[in-house]
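Asks: Position 30 of the sequence shown, counted from 1, bears residue number 491 in the numbering used here, the numbering being contiguous throughout.
Don't be surprised by glycine CBs; every beta carbon is placed ideally from N, CA and C.
Just so you know, these numbers come straight off a predicted model, no measurement behind them.
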Amino acid sequence: MPIRHCIVHLIDKKPDGSPAVLHARDSELAESAAIENMLADLNESYNAKQGKAWGL
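1) Look at the Cβ atom of E497, then the Cβ atom of I464, and state whether they are nearer than 8 Å.
2) What whole-angstrom Cβ distance do H484 and H466 have, given they're in contact under 8 Å?
3) Can you give me the Cβ contacts of I472 inside the same chain, cut-off strictly under 6 Å, excluding the 5 residues immediately before and after it?
4) Do I468 and L490 come within 8 Å of each other at the CB atom, strictly closer than that value?
5) Please classify I468: does DSSP put it in a helix, a strand, or coil?
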């Protein structure tokens with residue numbers, strides 16, 4: 462399945478317990494082989510996990 466749109470945001474969570482900060486990206490990333498590979502790796506990693514449940 463081709464990747465048509467991709468936006469990656471940064472969640473900055475400090476180890477000191479302070480609230481996390483969301484740094485939202487305001488534009489899409491350009492299409493690239495790196496994005497295709499990253500999402501394929503993410504999909505493979507997610508599907509390898511045991512005990513996934515939908516809608517919880």
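Replies: If we stick to the structure as given:
1) Less than 8 Å divides the Cβ of E497 from the Cβ of I464.
2) Rounded to whole angstroms, the Cβ separation of H484 and H466 is 19 Å, and the two are not in contact under 8 Å.
3) Residues of the same chain with a CB within less than 6 Å of the CB of I472, apart from the 5 flanking positions on each side, are A481, L483 in chain order.
4) Between L490 and I468, the C-beta spacing is below 8 Å.
5) Coil.
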